[in-house]
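When we follow full-length UniProt numbering, the leftmost residue of the sequence shown carries the number 1, and every step to the right adds one. So the structure is just underneath, and the comments pick up after that.
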Amino acid sequence: MSDDQISLPYFAAILIILGFIVRYLFFNGGGASPAQSPRSPEALLRARETAVERIQQMFPQTDRRTILWDLHRNGMNIQNTTERILAGRLETPPITFQPPAPPPPSTTSASSSAALRKVEKPSQPDLITRYNLTNRITSPTATDETVNIDHKTKAWSSNRDERQASLQKRREDMILAARRKMEAKLAKGKST
């Protein structure tokens, strides 16, 4: 029966050990070096600039200085600042508040923005050149209109190639019709 019970000294030792473990895991305050601490000036600067950048991506019309002031007031809480902006309750900072200048763009961000410029799509040619419809522009005939009537009455084909040809023809006809409407509108505008 004595084996089933825990004595008082064992129970106290277990409590003390658990207390040290909890203190070490949850309340470790001064053991880290300043370089590793999340409270170092470099880490705070990076966190602040990241927060400002995130908010300015969501709300580009909002001034950087105003965002910094609100983040400074609410302890770097991005969610509270975002809610204030959405609610229209963002206060203008006092004249005495002078935030530090934004850090200069690093070489990696400059190279990435240059790479983005290279990735941008080149300007697309107009639809007439893209679909090679120049020969059909020069001679708008009645055959184009009869083809449009045929498309409306013809049933959907079960052959894949016929469907594709039909859809391409309809696309070309729509492009040419839109061009004719625009030319008519421009001619009407010039005449008036």
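Glycine residues also receive a C-beta, built at the ideal position from the N, C-alpha and C atoms.
Between residue i and residue j, how many whole angstroms is the CB-CB distance? I'm expecting something under 8 Å.
i	j	result
residue 86	residue 66	With a Cβ gap of about 14 Å, residue 86 and residue 66 do not count as contacting.
residue 103	residue 172	At roughly 54 Å, the Cβ-Cβ gap does not stay under 8 Å, so residue 103 and residue 172 are not in contact.
residue 163	residue 137	Not really, about 26 Å apart at Cβ, beyond 8 Å.
residue 133	residue 176	6 Å
Determine the closest residue to residue i out of the options, with distance taken between C-alpha atoms.
i	options	result
residue 95	69, 186, 180, 50	69
residue 44	71, 21, 64, 22	71
residue 59	21, 83, 189, 42	83
residue 61	41, 88, 40, 11	88
residue 98	57, 161, 53, 64	64
residue 53	41, 76, 40	76
residue 130	168, 160, 101, 161	168
Mind checking residue i: buried by the 16 CB within 10 Å criterion, or exposed?
i	result
residue 81	buried
residue 55	buried
residue 25	exposed
residue 8	exposed
Can the beta-carbon of residue i be found closer than 8 Å to that of residue j?
i	j	result
residue 78	residue 51	yes
residue 166	residue 158	no
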